[in-house]
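Residue numbers (the working numbering), protein chains in the order written: chain A, 13 to 166; chain B, 13 to 166; chain C, 13 to 166; chain D, 13 to 166; chain E, 13 to 166; chain F, 13 to 166. Comments concern the structure below.
Number of protein chains: 6
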Amino acid sequence: MEKIAIFPGSFDPFTVGHESIVRRAIPLFDQIIVAIGYNSAKSGYFPLEKRKNWIIDIFKNDVSIVVDTYEGLTTNFCKLKNAKYLLRGLRTAADFEYERAIAQMNKMIETELETVFILTAPEHSFISSTIVREVIRYGGDASKFVPKEIDLTL
Amino acid sequence: MEKIAIFPGSFDPFTVGHESIVRRAIPLFDQIIVAIGYNSAKSGYFPLEKRKNWIIDIFKNDVSIVVDTYEGLTTNFCKLKNAKYLLRGLRTAADFEYERAIAQMNKMIETELETVFILTAPEHSFISSTIVREVIRYGGDASKFVPKEIDLTL
Amino acid sequence: MEKIAIFPGSFDPFTVGHESIVRRAIPLFDQIIVAIGYNSAKSGYFPLEKRKNWIIDIFKNDVSIVVDTYEGLTTNFCKLKNAKYLLRGLRTAADFEYERAIAQMNKMIETELETVFILTAPEHSFISSTIVREVIRYGGDASKFVPKEIDLTL
Amino acid sequence: MEKIAIFPGSFDPFTVGHESIVRRAIPLFDQIIVAIGYNSAKSGYFPLEKRKNWIIDIFKNDVSIVVDTYEGLTTNFCKLKNAKYLLRGLRTAADFEYERAIAQMNKMIETELETVFILTAPEHSFISSTIVREVIRYGGDASKFVPKEIDLTL
Amino acid sequence: MEKIAIFPGSFDPFTVGHESIVRRAIPLFDQIIVAIGYNSAKSGYFPLEKRKNWIIDIFKNDVSIVVDTYEGLTTNFCKLKNAKYLLRGLRTAADFEYERAIAQMNKMIETELETVFILTAPEHSFISSTIVREVIRYGGDASKFVPKEIDLTL
Amino acid sequence: MEKIAIFPGSFDPFTVGHESIVRRAIPLFDQIIVAIGYNSAKSGYFPLEKRKNWIIDIFKNDVSIVVDTYEGLTTNFCKLKNAKYLLRGLRTAADFEYERAIAQMNKMIETELETVFILTAPEHSFISSTIVREVIRYGGDASKFVPKEIDLTL
């Protein structure tokens with residue numbers, strides 16, 4: 013049976029931290045679906061299409077990486093895609109407590125679903141989409157915090 | 013003197029975690045007032061009346077449990093009810109830090125007021141009203157996370 | 013039925029933090045047993061008898077406080093004393109995680125046993141028996157950290 | 013070279029905790045700029061001018077304290093002021109994780125910038141501008157939580 | 013290439029928490045080596061041979077599980093076994109911070125080595141070998157905390 | 013008045029993390045005393061003299077850095093040296109809670125004493141003397157974790 017993992021997030025925008033998690037998880041799974049969760053009632057900072065195209069571009073040479081979007085419960089999307097794994101990165105103890113609640117909730121809804129965690133590299137531990145948006149909003153240069161395929165000036 | 017405790021919250025909705033805390037605290041106090049704090053300027057996810065009736069139903073056989081609503085400072089409501097105790101559940105370290113700040117603030121405002129903490133059962137440790145609302149919003153089945161008296165489909 | 017709580021610890025020595033927790037819990041219980049756990053295979057910093065007499069002296073005017081010693085599992089001592097509550101103070105998030113594991117373990121061994129937590133006052137939040145012993149060991153003055161009934165110079 | 017530190021915040025309002033951090037840091041720096049960050053797109057609870065005048069009043073006898081306002085990236089304001097230090101207070105473990113991310117982000121943007129942390133006094137550890145606003149909103153008395161120069165009733 | 017993971021620990025004794033982590037990770041790897049680290053200079057609570065035989069018995073029907081012992085650096089044992097993954101369970105925020113330091117250290121020593129984390133089930137979150145030994149030492153019944161294959165009375 | 017800071021620790025051994033904290037704090041103080049605390053009743057892993065000479069060598073070109081040793085309370089050593097500041101590095105939330113207790117205890121013993129914290133660089137956040145000793149004990153190569161002036165093979 014194929015080992016499929018979902019890497020869910022809003023990726024608004026995708027950061028070097030996200031990229032590092034996905035790349036290091038490639039050998040673990042047959043397929044990783046980078047799944048951009050959206051809420052049609054509220055738009056993000058970057059348009060959904062832009063976020064998706066950036067990620068497609070980043071992984072254009074990685075055949076086992078698929079980029080997709082979904083609305084609604086992550087567990088439903090996993091079932092739809094026949095994915096038995098959720099992939100998440102962990103940076104800090106605060107992260108951990110938040111992720112643990114989500115993962116345990118997901119497992120209670122979908123017993124077969126396992127969340128697999130990989131550590132964010134130390135040099136990425138302070139990078140989050142929220143902080144990146146903050147830097148951009150105030151006119152700062154956030155290019156160091158996103159993969160080189162993402163041109164924030166466009 | 014009667015030992016009265018306030019169990020304050022927005023209970024939007026009341027969860028199995030909340031129920032377990034209250035039930036286990038029954039022998040400790042002469043009366044526990046489950047007190048739904050509301051803010052007339054912003055409505056909750058479930059109507060206040062519905063939230064209140066659910067909780068009344070859950071504890072209909074428990075004579076020492078009273079359900080009430082209040083607006084404004086919790087410490088004022090405690091004084092009004094002559095309650096010397098606040099009852100709170102603790103799930104995680106993040107919870108603890110938040111609750112500690114609130115409890116110490118309350119004690120500085122009302123020196124006689126003591127906050128008494130009971131641990132959430134391990135199997136409830138990831139359940140919160142916020143996550144339950146999230147599941148409902150996305151069309152998931154949240155019935156496992158609320159007491160059986162709460163019919164979320166109505 | 014009498015509400016009996018055990019306040020367990022090695023109390024080597026009893027600190028102003030411990031005293032404050034016990035005093036604030038007095039109205040909650042019919043009896044609080046300050047229970048000094050010891051291990052006959054390893055002696056403490058202060059002799060057990062001394063620790064016990066200090067605590068007796070501190071609460072000599074509080075009729076609902078009893079001081080006792082025990083060896084072995086705390087849950088066994090609770091059963092022996094017919095105590096349904098364990099009382100513990102919480103200072104920090106690290107404390108909380110440690111106390112949670114112990115409390116959940118105790119509850120799994122003795123289902124009826126409930127651990128009730130009260131917050132250490134902010135001004136006592138950094139005081140522990142370990143740090144007090146450290147100060148004494150290096151010839152410092154630790155009198156501010158213990159109740160006035162404890163004369164550390166004897 | 014002059015040692016200049018920025019103490020950034022929204023200070024909505026300035027609390028006794030903030031005051032204590034600044035006063036204790038005075039001997040460390042030649043100049044401390046208390047810098048009120050604002051966002052012209054969203055107004056605070058108290059008008060910016062009021063917040064500024066309160067802080068000026070609190071430090072009117074301290075020659076090395078300057079009060080200023082800024083919009084945009086804190087790192088840009090530091091460069092503008094030739095400040096090599098950011099000053100921050102730490103209360104809790106949750107605070108620490110948040111502050112660490114901000115500080116490491118700032119250091120990545122501006123390599124020369126060092127964030128210096130001082131501990132909030134234990135008796136101020138639960139005081140935050142957010143909780144103070146909450147107390148005020150509900151008609152409580154928040155005067156104990158702000159410096160005496162701040163008259164919240166005006 | 014075979015996907016081999018090492019699940020390192022002293023397993024003194026192996027608990028139901030450990031068992032659950034390994035079982036849930038079976039589909040992720042081609043082989044999982046449960047590796048009992050020992051230190052010839054200090055003996056454990058249970059003899060190494062006993063610990064090993066217990067684990068062999070627990071997984072006797074699981075062909076992809078191998079039980080082994082090692083002394084020295086975990087990273088060296090990984091190289092010896094050609095294992096590219098370390099498997100670890102996470103219970104609490106304190107756990108997380110400890111595990112993160114170890115994992116980052118290991119990755120700095122052996123760049124190719126990835127630590128994969130799975131969450132301990134909520135109902136096992138308070139179980140540790142240390143607490144199990146404590147219960148046994150004081151004559152308590154620890155059978156609920158270890159797999160049924162482990163007979164602690166022998 | 014001269015601004016003197018003590019950087020206390022057992023430095024068994026001094027790591028690249030320690031070095032980075034001291035170097036970044038140099039501009040903040042007129043003098044930093046790297047103070048190796050020892051306990052004549054128990055020896056360290058590396059001889060005190062060796063630890064001292066290593067640190068002297070590391071800072072041989074930094075005129076404001078002094079290396080010293082002390083036994084007993086850190087607060088007493090501060091008084092002796094007329095130091096009004098303690099300098100400490102912070103890596104993790106667990107670190108923070110431990111350091112906060114020590115710093116508040118020190119401030120209660122010596123009211124004038126202020127502890128100043130600087131963040132460990134992300135890439136050093138997992139390095140501790142304890143982990144370095146562990147690597148050495150098991151025959152690993154720990155040279156990446158200590159300053160180049162320290163030759164662990166001697």
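Even glycine gets a Cβ: it sits at the ideal position worked out from N, Cα and C.
Restricting attention to C/E83, C/R36, C/F157, the CA atom closest to the CA of C/A47 is found in C/E83.
For the 9 Å CB-CB criterion, B/F89 and B/V79 do not form a contact. No Cβ-Cβ contact shorter than 9 Å links B/I114 with D/I148. When CB distances to chain C are screened at a threshold of 9 Å, not a single residue of the segment 81-94 of chain B falls below it. Distance from the Cα of C/P25 is smallest, within the candidate group C/I44, C/I38, C/Y57, C/P39, for C/Y57.
Chain-ordered, the chain C residues with CB closer than 7 Å to the CB of D/A105 read A105.
Under the DSSP assignment, E/Y110 falls in the alpha helix (DSSP H) whose first and last residues are 105-121. The straight-line gap separating the alpha-carbon atoms of C/A133 and C/H30 is approximately 10 Å. In the three-state scheme derived from DSSP, where H, G and I count as helix and E and B as strand, C/N88 is classed as helix. Taking 8 Å as the upper bound on Cβ-Cβ separation, chain E lies near residues S137, F138, I139, S140, I143, V147, Y150, G151, G152, D153 of the segment 130-153 of chain F. Here A/E83 is bridged, per DSSP, to A/Y50. Closest option to D/I139, judged by alpha-carbon separation, among D/P20, D/F23, D/E14, D/V28: D/V28.
Any Cβ of chain B closer than 9 Å to the Cβ of D/K160 would place that residue at the interface, and such an atom is absent. C/N94 and B/Y50 have their C-alpha atoms some 41 Å from each other. A/L85 and B/Y150 do touch by the CB rule: their CB atoms are close to 4 Å apart, below 8 Å. Within 8 Å of the CB of F/E31, no CB atom of chain D is found; the nearest one sits about 15 Å away. DSSP places C/E61 in the uninterrupted alpha helix (DSSP H) bounded by 60-70. The three-state secondary structure of D/T142, taken from DSSP, is helix.
Taking 9 Å as the threshold, the shortest C-beta distance from D/V128 to chain F falls below it. Cβ-Cβ distances below 8 Å link A/V128 to A17, A37, L40, Y97, L98, L99, R100 in the same chain, with the five nearest sequence neighbours on each side left out; the list follows chain order.
At least 9 Å separates the beta-carbon of C/E122 from that of B/I130.
Under the three-state reduction of DSSP, A/L40 is assigned to helix. Between C/R63 and C/F23, the C-beta spacing is below 9 Å.
As a beta-bridge residue in DSSP terms, B/E126 pairs with B/Y97.
Counting only Cβ-Cβ distances below 8 Å, D/R112 has contacts in chain F at L102, L131, in chain order. E/R103 and A/I33 have their C-alpha atoms spaced approximately 21 Å apart. In the assembly as shown, E/A106 is a buried residue. Its beta-carbon has 16 or more other beta-carbons within 10 Å. In this chain, the beta strand (DSSP E) harbouring C/I18 covers 16-21. Chain F places a beta carbon closer than 9 Å to that of E/E109, counting this residue as a contact. DSSP places E/I33 in the helix class (H, G or I) of the three-state scheme.
In the displayed model, E/V78 falls within a strand according to three-state DSSP. Nearest in C-alpha terms to A/V158, of all of A/W66, A/K54, A/E61, is A/W66. Counting the other Cβ atoms within 10 Å of the Cβ of B/M117 gives 16 or more, which makes it buried. Contact annotation for E/K156 against chain C: M120, I121 [CB-CB distance below 9 Å, chain order]. B/S52 sits exposed, since fewer than 16 C-beta atoms from the chains shown fall within 10 Å of its C-beta.
Nearest to B/T81 by alpha-carbon distance, out of B/I68, B/F108, B/K15, B/N73, is B/I68.
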